[in-house]
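Following: one structure in structure tokens, then a few remarks.
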Amino acid sequence: MEEFLSSTIRGLAQGSLYTLLGLGFVIVYRGTGVVNFAQPALMILGAYWTSYFALVVGLGFWPALAAAVLVTALIGVAVERVALRPMVGEPVFSATMVTVGVFIVLQVVAGDLIGLELRQVGHPWGLEQTEVAGVVVFQSDLAKLAFTATVVALLWLFLRHSRLGLAMRATAASQETALALGVPAGRMFGLAWAISGALAAVAGMLVATGGAGFSQATTLVALKALPAIVLGGLDSVPGALVGGPIIGLAEAYTKTYQDDLFPWAGDNVDQVVPYVVMLVVLLVRPYGLFGTREVERV
Amino acid sequence: MRGRPELFTSYQRDQAPLNTPAKRAWLGLLLVGLLVFPFSVTAELTALGATALLSAVGAIGLNLVTGYAGQVSLGHAFFLGLGAYTAAVLSGDPDGRSLGYGLDMAIWLPAAGLVPALVGLLVAPVAIRLKGLYLAIVTLGLVFIGEHLFRELAAVTGGPGVGRPAAQLRLLGVDLGRRSEIFGGYPITREIKLYLIALVVLVALAVPAKNLARSAVGRAFAAVRDRDLAAEVMGVSLTRHKLIAFTISSFYAGIAGALLPTVTGFIEPGSFNLLLSVQFLAMILIGGVATLSGSLLGAAFVVLLPRLVEELPRFLPFVTSESTGGVLTTFQLQTLLYGVLIVVFLIAEPRGLFGIWVRTRNYWRAWPFSY
């Protein structure tokens, strides 16, 4: 039972990362109609900048995190302005392929910055554990959950209760109408990428709190946010909130119980489980759990 | 219509391959060039040429499903891997460390295409239910699931970091994987043989691809790509044509996957990853989407690019060929260039190298009145 509870916490914590990254995907998708394959690279850059400002510059953890969020958001804006803005009006497929190209470029840049060693972000939680209701959990896992809850709440406040958020939602609903009403649609695209970059930076920092730090290969973690949002529905914010934990839990339970239940599947099968879950769900519901079914007219 | 070779009076003539004298001349020149190439350059460049030709086979496959039929597939690497291991297992040494049946190339080469085609047929139903970006993400999942399988099935693949020998080039009892001499002492190296096999396979697969693309099925692909709903209303079966596209594309990928590792003679299970898929996407995006010549141009470009980059450290001091140090290593620069080129081509010339060729041709055709 305790094993079950502790892997549940671990799964939820991991899933909250997918939620953060997934929200970034969803915001860019709704804002611009593009799946942002560059998000994983933004995440690893976020982790790098946190590490850089905290440990190389020596700002201390919290200012470093703020600086990293800002820098990564700016990178997001720059990418949108340079690579994605010329693609407005082009087929979605082409624009998405541009983000694949951007992903490759940013990953090389991040790899070059990070180098070959494992890096730390200098976070205050270390490897310490606390007991919550009789279950021993890592503080960093609790931090992940707390961070995600806070960020999601802030994002909800921003999108629902601010002028800018309203403008963003208007652009997502209909670019032309928004433009006609005086919303600068281009700037909203940039804003979507900035938010996506900021979320990626927070997620990157949290990924690196797992004790092991982060390296170039950590990018693959962020790709698992894709099954999470496809599961929830590409254009659905609640989808990302639900899809993330589902994928995280599936991964954690597989890791815990695989040796007893299906050892034949091989080591590290938990890394693949998200994709398997995604395939199965999509067979039944092609637009995910909460995704909008496309209504088509001839 | 003597003397007016470009006046077409029937649809058949208009759609025929090589319907102008210029095209025939260019193709002839190209074939002669390709045949002379391996006998006039070093073994290393010949091997690179063979890689380019075989990659072109894979690129044609991806172009059929992504370019012509419009179904974005990031899962090409998975089908390449399937082909590679089917071939390696069927042809492998029966007494070797990894599973092998010691069969002839006449058996393993078709099988290396058919097995991925079958798997493609099995995966296609998922793909048929999905559209656009959902499909791209699902095929991405396929790559990761495939990578895991290749890592874990150590009896077949040798396991990560170990790998296994690639397929043996033994056709009807004749060993094509070894140096031999013809005409009393003129040496034919392993690389040259490999290159010629690659050329034959490419021609044998490019011609049916061209014919498919200009047939009713090819036009149906284009209809599905451009507006799937309209296509269905006009009586084009989406299910049927997506199924055909995926199956044929996987067949081409399998053949390319089977022969590509024979160039180095070795298969490493980790090599069938996302980067490989992106490389093949880069080939068709840089070369030209939904054109056959584009696939060939793109494959040649993407394969030759790393070789050119390797020459760069001599000219650019900040690029290093060592694994560390310098601002950029050559490997990083190679990867970086794929990314940059994909972005630049999509923004500046969406029709790729083929589009550049068309514009150059039209410029000179109207010369000196080029406005």
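These protein sequences, in sequence, are chains A and B.
The first sequence begins at 1375 in my numbering and counts up one residue at a time.
The second sequence begins at 4 in my numbering and counts up one residue at a time.
We put the beta carbon where it would ideally sit given N, CA and C, even for glycine.
If you're wondering where the values come from, they're calculated on a predicted model, not measured in any experiment.
List the residues of chain B that residue i touches, going by C-beta distances under 8 Å, in chain order.
{"i": "Val1604(A)", "result": "Tyr137, Ile140, Val141"}
{"i": "Ala1457(A)", "result": "Val346, Ile350"}
{"i": "Pro1460(A)", "result": "Ile350"}
{"i": "Val1557(A)", "result": "Simply none; closest approach about 25 Å."}
{"i": "Val1409(A)", "result": "Leu136, Ala139, Ile140"}
Return the CA-CA distance between residue i and residue j, expressed in angstroms with no decimal places.
{"i": "Trp1530(A)", "j": "Leu85(B)", "result": "45 Å"}
{"i": "Leu279(B)", "j": "Pro1437(A)", "result": "39 Å"}
{"i": "Arg1455(A)", "j": "Gly355(B)", "result": "22 Å"}
{"i": "Leu48(B)", "j": "Ala303(B)", "result": "12 Å"}
{"i": "Trp29(B)", "j": "Ser252(B)", "result": "27 Å"}
{"i": "Ala1351(A)", "j": "Gln171(B)", "result": "No statement about residue 1351(A) is possible, as the shown extent of chain A runs from 1375 to 1672 and does not include it."}
{"i": "Gly95(B)", "j": "Leu102(B)", "result": "7 Å"}
{"i": "Ala216(B)", "j": "Gln74(B)", "result": "15 Å"}
{"i": "Leu1553(A)", "j": "Ile1603(A)", "result": "29 Å"}
{"i": "Ala226(B)", "j": "Met237(B)", "result": "9 Å"}
{"i": "His79(B)", "j": "Val1431(A)", "result": "43 Å"}
{"i": "Asp1394(A)", "j": "Leu1573(A)", "result": "Inspection of the sequence shows that residue 1394(A) is occupied by Leu rather than by Asp. Cα to Cα, Leu1394(A) sits roughly 6 Å from Leu1573(A)."}
{"i": "Val1445(A)", "j": "Gly1420(A)", "result": "8 Å"}
{"i": "Gly61(B)", "j": "Gly1539(A)", "result": "46 Å"}
{"i": "Met1652(A)", "j": "Glu155(B)", "result": "21 Å"}
{"i": "Arg1561(A)", "j": "Arg1459(A)", "result": "10 Å"}
{"i": "Phe1532(A)", "j": "Gly1398(A)", "result": "14 Å"}
{"i": "Leu1555(A)", "j": "Ile345(B)", "result": "35 Å"}
{"i": "Ala3(B)", "j": "Gln1590(A)", "result": "Because chain B in this structure spans residues 4 to 374, residue 3(B) falls outside the shown range and cannot be described."}
{"i": "Gly1385(A)", "j": "Thr1592(A)", "result": "17 Å"}
{"i": "Tyr137(B)", "j": "Thr333(B)", "result": "34 Å"}
{"i": "Lys1598(A)", "j": "Gly1396(A)", "result": "9 Å"}
{"i": "Thr1504(A)", "j": "Ser1380(A)", "result": "12 Å"}
{"i": "Phe1415(A)", "j": "Tyr1392(A)", "result": "According to the sequence shown, residue 1415(A) is Ala rather than Phe. Rounded to the nearest angstrom, the two C-alpha atoms are 14 Å apart."}
{"i": "Leu1580(A)", "j": "Ser1514(A)", "result": "8 Å"}
{"i": "Glu1550(A)", "j": "Ala1517(A)", "result": "41 Å"}
{"i": "Gly99(B)", "j": "Leu340(B)", "result": "40 Å"}
{"i": "Val1672(A)", "j": "Leu1608(A)", "result": "Confidence is the limiting factor: at Val1672(A) the pLDDT is only 44, short of 50, which leaves the residue's position unreliable, though a coordinate-based value still follows. Each residue's Cα considered, the two are about 24 Å apart."}
Can you list the residues of chain B that residue i reaches, using a CB-CB cut of under 9 Å?
{"i": "Thr1677(A)", "result": "Nothing about residue 1677(A) can be read from this structure; chain A reaches only from 1375 to 1672."}
{"i": "Asp1609(A)", "result": "Near Asp1609(A) there are no residues of chain B at all, since even the closest Cβ is about 10 Å away, more than 9 Å."}
{"i": "Val1643(A)", "result": "His151, Glu155"}
Mind pulling the chain A residues with CB within less than 9 Å of residue i?
{"i": "Gly342(B)", "result": "Val1474, Gly1475, Val1476, Phe1477, Ile1478, Val1479, Leu1480, Gln1481, Val1482"}
{"i": "Ile359(B)", "result": "By Cβ distance, chain A contributes nothing, its closest Cβ being about 17 Å from Ile359(B), past 9 Å."}
{"i": "Thr338(B)", "result": "Ile1478, Val1479, Gln1481, Val1482, Gly1485"}
Just to confirm the assignment, what range does the alpha helix (DSSP H) spanning residue i have?
{"i": "Gln1503(A)", "result": "Taken as a continuous stretch (DSSP letters only), Gln1503(A) belongs to no alpha helix (DSSP H), being part of the beta strand (DSSP E) at 1503-1506."}
{"i": "Val1431(A)", "result": "Here Val1431(A) belongs to no alpha helix (DSSP H), and DSSP marks it neither H nor E."}
{"i": "Phe147(B)", "result": "135-155"}
{"i": "Glu353(B)", "result": "It should be noted that the sequence gives Pro, not Glu, for residue 353(B). Premise fails: Pro353(B) is in no alpha helix (DSSP H) and is neither H nor E."}
{"i": "Tyr1627(A)", "result": "1611-1635"}
{"i": "Arg1561(A)", "result": "1559-1581"}
{"i": "Asp229(B)", "result": "219-229"}
{"i": "Met286(B)", "result": "277-290"}
{"i": "Leu1439(A)", "result": "1435-1453"}
{"i": "Val1376(A)", "result": "The sequence as given places Glu at residue 1376(A); Val does not occur at that position. Start and end: 1376-1406."}
Throw me the rounded Cβ distance for the residue i and residue j pair, which I believe falls under 8 Å.
{"i": "Gly283(B)", "j": "Ala248(B)", "result": "Per the sequence presented here, residue 283(B) reads as Phe, with Gly not at that position. Between Ala248(B) and Phe283(B) the Cβ distance is about 15 Å, and since that is not below 8 Å, they are no contact."}
{"i": "Gly1674(A)", "j": "Gly1622(A)", "result": "A query on residue 1674(A) cannot be resolved here, the shown segment of chain A reaching from 1375 to 1672 and no further."}
{"i": "Ile258(B)", "j": "Arg167(B)", "result": "About 19 Å; that fails the 8 Å criterion."}
Determine the chain A residues that contact residue i at a beta-carbon separation under 7 Å, and present them in chain order.
{"i": "Gly144(B)", "result": "Pro1601, Tyr1649, Met1652, Leu1653"}
{"i": "Pro353(B)", "result": "Ser1468"}
{"i": "Val129(B)", "result": "Leu1653, Leu1656, Leu1657"}
{"i": "Val281(B)", "result": "Val1474, Ile1478"}
Taking residue i as the query, report the chain A residues whose CB atoms sit under 8 Å from its CB, ordered along the chain.
{"i": "Arg132(B)", "result": "Leu1656, Leu1657, Pro1660"}
{"i": "Leu284(B)", "result": "Met1471, Val1474"}
{"i": "Leu288(B)", "result": "Met1471"}
Reducing DSSP to helix, strand and coil, say where residue i ends up.
{"i": "Thr1666(A)", "result": "coil"}
{"i": "Leu174(B)", "result": "strand"}
{"i": "Gly1601(A)", "result": "The question names Gly, yet the displayed sequence has Pro at residue 1601(A). Reduced to three states, the DSSP call for Pro1601(A) is helix."}
{"i": "Tyr1649(A)", "result": "helix"}
{"i": "Thr12(B)", "result": "coil"}
{"i": "Thr242(B)", "result": "helix"}
{"i": "Thr332(B)", "result": "strand"}
Looking at the secondary structure, which residues open and close the beta strand (DSSP E) in which residue i lies?
{"i": "Tyr1661(A)", "result": "Counting along the chain, Tyr1661(A) falls outside any beta strand (DSSP E), and DSSP gives it neither H nor E."}
{"i": "Phe1341(A)", "result": "The structure shown does not extend to residue 1341(A), since chain A is modelled only from 1375 through 1672, so no value can be given for it."}
{"i": "Tyr189(B)", "result": "189-191"}
Residue i versus chain B: which residues are under 7 Å apart at the beta carbon?
{"i": "Asp1486(A)", "result": "Leu331, Gln335"}
{"i": "Val1646(A)", "result": "Phe147, Ile148, His151"}
Between residue i and chain E, is any beta-carbon pair separated by less than 7 Å?
{"i": "His151(B)", "result": "Structure shown: chain E not included; protein chains present are A and B."}
For a test of your reading of the model: does the CB of residue i fall under 6 Å from any non-hydrogen atom of the ligand MN? Yes or no.
{"i": "Leu263(B)", "result": "The ligand MN is not part of the structure shown, which contains no ligands of any sort."}
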